[in-house]
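Asks:
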Amino acid sequence: MAAPPIAPQELNRLLLDWYDRHRRRLPWRAEPGKRADPYHVWLSEIMLQQTTVATVGPYFRRFLELWPTVEDLAAADLDAVLHSWQGLGYYARARNLHKCAQAVAGRHGGVFPDTEAELLTLPGIGAYTAAAIAAIAFDRKATPADGNFERVFARLHAVETPLPDAKPILRGLAAALTPERRPGDHAQAVMDLGATICTPRSPKCMACPWHEPCEARNLGIAADLPRKSPKKQKPTRRGIAFWAVTPGGAALLRRRPESGLLGGMMEVPSTDWTEADSALAEAEAPVKGEWRLLPGLVRHTFTHFHLELTVASASVAEQKVTDGVWVPLDRLGEHALPTVMKKVVTHALAQAGKQKR
DNA sequence: GATTCGTGGTC
DNA sequence: TGACCAAGAAT
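Now the structure itself:
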């Protein structure tokens with residue numbers, strides 16, 4: 001049984017009417033009817049990539065305190081940017097953020113380009129983010145097809161093709177509904193709908209402005225869409241982290257390579273992380289010492305593997321190291337430590353402290 | 001086109 | 001407890 005036909009204009013009227021009444025107040029949004037600051041929109045969109053609104057809030061506010069304009073951000077040290085980004089994850093975003101700020105400050109005199117095509121040329125801005133900035137900051141007709149869009153339109157049209165194969169189909173369906181009038185509000189309306197009503201689990205269909213025309217709801221399969229292709233299971237990698245502390249109370253950290261996993265962030269030196277069992281390999285330690293394995297494990301899960309780190313500890317004299325820096329324990333907070341390394345530090349301090357007593 | 005890239009919350 | 005999930009981009 002096909003759902004009763006409904007004109008695109010009517011769908012859009014229902015959506016915008018709902019949005020005007022239920023619009024979320026978010027730190028990066030302008031007051032109703034006003035144009036948002038493109039710098040704020042860009043910064044928020046980068047932070048929001050694969051990251052929840054609740055997590056982004058404090059980071060967004062902190063970045064604006066530290067760097068009120070894109071030119072301030074462009075003039076900052078990359079280390080300072082990475083440090084402020086610590087805990088947000090996907091650290092390539094922070095490196096590209098800095099690059100992008102420098103491009104905007106340099107090429108455009110601190111003014112963001114206002115077309116999708118130009119935005120797309122900037123570092124860290126892909127198809128989604130270019131469309132989002134064009135629509136939200138400049139009210140241009142663009143379709144930022146994020147996960148919310150995919151879920152909402154998969155349900156509205158009962159698309160049963162699993163993701164990611166369904167992406168181009170869903171993007172087309174969304175684009176067909178993008179209006180000439182208020183395209184920015186339209187985009188934010190779909191996102192708000194996806195975030196608050198058309199949620200992944202237990203969608204609140206009774207409160208949805210598209211309750212009547214939604215094909216998936218009419219079929220009773222709204223909560224089952226979008227379907228997704230099965231994911232590969234994550235392997236477990238293991239390694240030894242070397243916690244070296246001097247009598248003066250300084251620990252050895254080192255900077256990770258600029259690209260790849262946790263690129264540019266600081267770490268407790270460790271062996272490679274491999275799927276093979278890891279024995280205490282003193283030859284791989286960053287400095288010589290009487291290394292002892294601490295009890296327990298540090299567990300952490302990345303996007304595509306589980307990690308189990310065993311921490312080895314040694315008390316050593318402060319010495320020159322080719323690759324690393326000695327950091328006083330009370331100044332660890334000044335360095336850009338990803339969450340997994342904060343876990344290592346916490347575990348090392350707790351267990352090594354116990355041993356001493 | 002498939003992989004690589006974090007983290008915290010939720011059920 | 002573990003798998004899934006979140007306003008994706010780069011390679």
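In our numbering, the protein residues as written are 1 to 357. Just so you know, even glycine gets a beta-carbon here, dropped at the ideal spot from N, CA and C. Quantities reported herein were computed from a predicted structural model and do not represent experimental measurements.
Going by the DSSP bridge assignment, what does I240 pair with across the sheet?
Replies: Against the first sequence, residue 240 aligns to sequence position 240. Paired residues: T310.
Asks: Straight-line CA distance for T115 to A36?
Replies: Within the first sequence, residue 115 is the residue found at index 115, counting from 1. Within the first sequence, residue 36 is the residue found at index 36, counting from 1. If you take the alpha carbons of T115 and A36, they lie about 15 angstroms apart.
Asks: Restricting to runs no shorter than 4 residues, where is the alpha helix (DSSP H) found entirely within the region 15-45?
Replies: Complete alpha helix (DSSP H) runs here, min 4: none at all.
Asks: Using only the alpha-carbon positions, how far apart do L225 and Y39 sit?
Replies: Your numbering for residue 225 matches position 225 in the first sequence. Your numbering for residue 39 matches position 39 in the first sequence. Straight-line measurement puts the Cα of Y39 at about 34 angstroms from the Cα of L225.
Asks: Counting Cβ pairs, one atom from each stretch, are 3 or more of them under 8 angstroms apart for the region 307-325 and the region 237-248?
Replies: yes
Asks: Can you give the Cα-Cα distance for R357 and A279, rounded to whole angstroms?
Replies: The residue given as residue 357 occupies position 357 in the first sequence. The residue given as residue 279 occupies position 279 in the first sequence. In this prediction, R357 has a pLDDT of 46, which is less than 50 and means its spatial position is unreliable; nothing more can be read from the coordinates.
Asks: Between which two residues does the alpha helix (DSSP H) holding A251 run?
Replies: Locating residue 251 in the first sequence gives position 251, counting from the first residue. From DSSP, A251 is part of no alpha helix (DSSP H) but of the beta strand (DSSP E) over A250 to R255.
Asks: Going by alpha carbons, who is nearest to A175 out of C198, P144, R151 and A189?
Replies: To locate residue 175, count along the first sequence from 1; it is residue 175. Taking only the C-alpha atoms, the option nearest A175 is P144.
Asks: Under 8 angstroms Cβ to Cβ from E258, same chain only, skipping five residues before and after it: list those, please.
Replies: Along the first sequence, one-based indexing puts residue 258 at 258. R95 and G264.
Asks: How should H98 be labelled, buried or exposed, when 16 other C-beta atoms within 10 angstroms of its C-beta is the threshold for buried?
Replies: Against the first sequence, residue 98 aligns to sequence position 98. With 16 or more Cβ atoms within 10 Å of its Cβ, H98 is classed as buried.
Asks: Around the Cβ of M1, are there at least 16 other Cβ atoms within 10 angstroms (buried) or fewer (exposed)?
Replies: As a working note, residue 1 is residue 1 in the first sequence. Summary for M1: the model assigns pLDDT 46, below 50, so the residue's position carries little reliability; its value from the coordinates is reported in the next sentence. With fewer than 16 Cβ atoms within 10 Å of its Cβ, M1 is classed as exposed.
Asks: State the start and end residues of the unbroken alpha helix (DSSP H) segment that holds W85.
Replies: The count along the first sequence starts at 1 and reaches residue 85 at position 85. L78 to W85 is the span of the alpha helix (DSSP H), which, as asked, contains W85.
Asks: Out of curiosity, what's the CA-to-CA distance linking K354 and P295?
Replies: Translated into the one-based positions of the first sequence, residue 354 becomes position 354. Translated into the one-based positions of the first sequence, residue 295 becomes position 295. The alpha-carbon atoms of K354 and P295 are separated by roughly 10 angstroms.
Asks: Rounded to whole angstroms, what is the Cα-Cα separation between E275 and G124?
Replies: For the purposes of this step, residue 275 is taken as residue 275 along the first sequence, with counting starting at 1. For the purposes of this step, residue 124 is taken as residue 124 along the first sequence, with counting starting at 1. C-alpha separation (whole angstroms): 31 angstroms.
Asks: With DSSP as the reference, label K320 as helix, strand or coil.
Replies: For the purposes of this step, residue 320 is taken as residue 320 along the first sequence, with counting starting at 1. In the structure shown, K320 sits in coil (DSSP, three-state: anything other than H, G, I, E or B).
Asks: Pull up the distance between the alpha-carbon of L253 and that of P58, whole angstroms please.
Replies: Taking the first sequence and counting its residues from 1, one reaches residue 253 at position 253. Taking the first sequence and counting its residues from 1, one reaches residue 58 at position 58. Cα to Cα, the separation comes out at about 27 angstroms.
Asks: Is it buried or exposed, V111, if we count other Cβ atoms within 10 angstroms and call 16 or more buried?
Replies: Residue numbering aside, residue 111 sits at position 111 when the first sequence is read from its first letter. By the 16-neighbour rule on beta-carbons within 10 angstroms, V111 is exposed.
Asks: So, for C100: in the same chain, excluding its five sequence neighbours on each side, which residues have a beta-carbon less than 6 angstroms away from its beta-carbon?
Replies: Here residue 100 refers to the residue found at position 100 when the first sequence is read from its first residue. The answer, listed in chain order, is L122, P123 and G124.
Asks: My guess is that N12 and H186 are in contact by the Cβ rule of under 8 angstroms, so how many angstroms apart are they, rounded?
Replies: Stepping through the first sequence from its first residue, residue 12 is reached at position 12. Stepping through the first sequence from its first residue, residue 186 is reached at position 186. Between H186 and N12 the Cβ distance is about 7 angstroms, and since that is below 8 angstroms, they are a contact.
Asks: In the DSSP output, which residue or residues are listed as bridge partners for W326?
Replies: Start at 1 with the first residue of the first sequence, and residue 326 comes out as number 326. Partner(s): L252.
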